[in-house]
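Residue numbers for the sequence shown follow this note's numbering, beginning at 833 and rising by one.
Glycine included, C-beta positions come from ideal geometry on N, C-alpha and C.
A quick note: this is a predicted structure, and the numbers were derived from the prediction, not measured.
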Amino acid sequence: NGMVLEANEATVSTFDRSYLYGDSLYEVMRTYSGRFYRMDEHMSRLTKSAQLCRMVLAQSPDLYVKEMQKTYEVFKQRVPEGTEAYARIIISRGKGKIGFGLNCLETKTLYTIIIQPLDPPTPAQFEKGHALQISSRLRNPRRALDPAMKSGNYLNSLLAFLDAAAEGFDDAVLCNDERHLTEGTTFNLFYARRGIVATPPLDIGILDGITRRDTIRLARELGIEVREVRFAPEHLYAADEVFLTSTIKEVFPVTRVDNRVIAEGKPGPLTRKLLKAFSESVRRDFS
């Protein structure tokens, strides 16, 4: 809320709605060459999330951008030159008395910005890829808690991740109640078969991922057919390649789904091609 503090100095009230109810929104961004990537698109999505959860933002997106930049300038003074940043902004509906009603609120929306060194996947991790479990937990349906809203109410995904980790997987993907795959715990999902790339459509109930958008655009520019379609887990088992997209991991291979090895356990050629195209696009944008 305007103060730049060390992490161990920052506090959140026990009566903050983010703490009491998970009543908050967030966005995650990263830097390339010391500049935030797609900041405007992240702020646009944050505004949409606020509308979906009936949250009236007391601060403007322009203010959030200024505060992100201010915090980032302090961060740069405390890390080695050239260190890229991971940034998270969290918006709470506010704090006040216990109770769901807006009359319980004693403040307007409150915000917290966290900036720390980026920890992207290493080349070795890329070559290994992720082992994903198809979770037995269902993705929140849109009429319950719309996944298009990037909220701090994250228990659905967190439990899917913990279930998968307990069985030795790196992460999890979730189906809807019609047994169609939706998305991962923190990422969008793609697979390739016979040179065609498929990904679940937005109206199935998934986050409109910014890296997902870029990947679809870049694939089509390369002449790769991309279909946004519903599909069952069996499509991943039979895929030539599976990969995920996210802000931090960019385009990242999946080399095992449940107990099925994908692409002989190595990143596939389309995955490599799309990551190369993404990296070149970033270099053009930030040169």
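Distance, residue j Cα to residue i Cα
i: R974; j: G1041; result: 16 angstroms
i: G1037; j: Q957; result: 29 angstroms
i: E1066; j: E1060; result: 17 angstroms
i: E1109; j: Y943; result: Per the sequence shown, residue 1109 should be read as Ala rather than Glu. Whole-angstrom Cα-Cα distance: 35 angstroms.
i: R1116; j: G933; result: 48 angstroms
i: L977; j: N985; result: 9 angstroms
i: F1125; j: L1013; result: Residue 1125 lies beyond the residue range present for the chain, which begins at 833 and ends at 1119; the question has no answer from this structure.
i: S892; j: G866; result: 24 angstroms
i: N833; j: K908; result: 20 angstroms
i: A1070; j: R1092; result: 9 angstroms
i: D848; j: G926; result: 6 angstroms
i: S791; j: M981; result: Here the chain has residues from 833 to 1119 only, and residue 791 is not among them.
i: T879; j: E1096; result: 42 angstroms
i: A1064; j: M871; result: 34 angstroms
i: F1118; j: S1111; result: 11 angstroms
i: A992; j: D951; result: 23 angstroms
i: V1114; j: N935; result: 46 angstroms
i: S968; j: R1044; result: 24 angstroms
i: R1052; j: P1033; result: 16 angstroms
i: K1081; j: P955; result: 11 angstroms
i: V888; j: D894; result: 15 angstroms
i: T939; j: D995; result: 37 angstroms
Proximity test, Cβ basis, 7 angstroms: residue i and chain C
i: D855; result: Although the question refers to chain C, the structure presented lacks it and comprises just one protein chain.
Closest Cα partner of residue i within the set the options
i: K1098; options: M887, N935, K960 and E916; result: K960
i: R1062; options: P952, K1081, G1100 and E1015; result: E1015
i: T1103; options: T939, I1048, A998 and T941; result: I1048
i: G832; options: R1092, E916 and A963; result: Lying outside 833 to 1119, the shown extent of the chain, residue 832 is not represented and no answer is given.
i: L1021; options: E1057, L1054, V1083 and R910; result: V1083
i: V1089; options: M887, E1073 and K902; result: E1073
i: E905; options: L837, E873 and S967; result: L837
i: I1028; options: L1106, R886 and L987; result: L1106
i: Q965; options: N840, P1033, R862 and C1007; result: C1007
i: P953; options: L970, Y918 and N972; result: Y918
i: I945; options: K902, G928 and R969; result: K902
i: P1101; options: V860, R1045, F993 and Y1023; result: Y1023
i: L1139; options: D1003, D855 and M835; result: The structure shown has nothing for residue 1139, since the chain only spans 833 to 1119.
i: L1039; options: D1002, I1094 and E859; result: E859
i: R1011; options: L970, V888, R920 and T939; result: L970
i: T846; options: I921, G928 and R920; result: G928
Residue i burial status per 10 Å Cβ neighbour count (16 or more: buried)
i: I923; result: buried
i: I947; result: buried
i: P801; result: Here the chain covers residues 833 to 1119 and nothing more, so residue 801 does not appear.
i: G914; result: exposed
i: P930; result: Reading the sequence as shown, one finds Ile at residue 930 and not Pro. Looking at its Cβ environment, which holds fewer than 16 other Cβ atoms inside 10 Å, I930 is exposed.
i: R877; result: buried
i: T1077; result: buried
i: M900; result: buried
i: R1026; result: exposed
i: S881; result: buried
i: N972; result: buried
i: P979; result: buried
i: D1046; result: buried
i: A998; result: exposed
i: D1003; result: buried
i: V1005; result: buried
i: A839; result: exposed
i: L987; result: exposed
i: L1050; result: buried
Rounded distance between the beta-carbons of residue j and residue i, thought under 8 angstroms
i: M875; j: V897; result: 6 angstroms
i: F1075; j: V1086; result: 6 angstroms
i: T1018; j: S989; result: 7 angstroms
i: R862; j: T1079; result: 6 angstroms
i: L1068; j: S983; result: Their Cβ separation, rounded to whole angstroms, is 27 angstroms, which puts L1068 and S983 out of contact at 8 angstroms.
i: E916; j: Y853; result: That belief does not hold up - the Cβ atoms of E916 and Y853 are roughly 33 angstroms apart, past 8 angstroms.
i: A890; j: T941; result: 5 angstroms
Residue i Cβ short of 6 angstroms to the ligand HEM heavy atom set
i: R1026; result: Although the ligand HEM was asked about, the structure shown includes no ligands whatsoever.
Tell me the start and end of each unbroken beta strand (DSSP E) in the segment 888 to 971 that is at least 3 residues and wholly inside, in chain order.
-> Here the runs fully enclosed are 917 to 924, 942 to 949 and 962 to 970.
Unbroken stretches of the alpha helix (DSSP H), 4 residues or longer, contained in the segment 1045 to 1082 = Correct list: 1065 to 1069.
Complete runs of the beta strand (DSSP E) confined to the segment 976 to 1033 [at least 3 residues] | Runs found: 1003 to 1007, 1013 to 1016, 1020 to 1025 and 1028 to 1031.
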